[in-house]
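Read the structure below first, then the notes.
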Amino acid sequence: MNISTKRLTLRPFTLSDLKLLYHLHSNPTVMKYIPSGIRTMEETWLDLHDDIAHQENHGFSKWAVFLKDTGDFIGRAGWASMDTTGEVEVGFKFFPQYWGNGFATEVLQALLAWGKANIQRPLIAFADPENNASIEVLRKSGMIYLRQDEYEGKTIVVYSLSQF
7 MNISTKRLTL RPFTLSDLKL LYHLHSNPTV MKYIPSGIRT MEETWLDLHD DIAHQENHGF
67 SKWAVFLKDT GDFIGRAGWA SMDTTGEVEV GFKFFPQYWG NGFATEVLQA LLAWGKANIQ
127 RPLIAFADPE NNASIEVLRK SGMIYLRQDE YEGKTIVVYS LSQF
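The structure is reproduced here in structure tokens:
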């Protein structure tokens, strides 16, 4: 199963995507606002296996994002089940050269539409309180501030759909 937008294609990760994901997860600019920080190859391998297992167990996960016109890998976006709260987190990260082109908003709106239709649980998103660009994407996509929380030892803000 894939999700397509006007300019992008999202698909579940496969084991052959390890180098693509590592390139993203080892980029200091990409990972600046991510609580876990820069990932090693071994940590990325575990992340990839977690994504694949999550897809098999839940029918959704974090997916690879590609430009339709070139096939270039530009980021990772999708959902993660928050089993302790019953919520499902939606998130995105892209290589810096693709920032400022509306890709995050395009992806998030497609993910939220799919999530509302297919995931019968509250949809939330996390952001670093200093990541104004991501917070603006959340707001533009119809999400509202829900609470401040802590994740992996860092303060985050949590946004939710006003209707799920």
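Residue numbering for the sequence shown follows the numbering used here, starting at 7 and increasing by one per position. The C-beta atom is built at its ideal place from N, Cα and C for all residues, glycine as well.
Counting the other CB atoms within 10 Å of its CB gives residue 162 a total of 16 or more, which places it among the buried residues. Around the C-beta of residue 23, 16 or more other C-beta atoms lie within 10 Å, and the residue is accordingly described as buried. In the three-state DSSP reduction, residue 134 falls in the coil class, being neither helix nor strand. Taken in chain order, the whole beta strand (DSSP E) runs of length 3 or more contained in the stretch 84-110 are 93-100. Below 8 angstroms, enough C-beta pairs join the stretch 84-104 and the stretch 123-130 to call them touching: three or more. For residue 58, the enclosing alpha helix (DSSP H) begins and ends at 47-64.
DSSP places residue 15 in the uninterrupted beta strand (DSSP E) bounded by 14-18.
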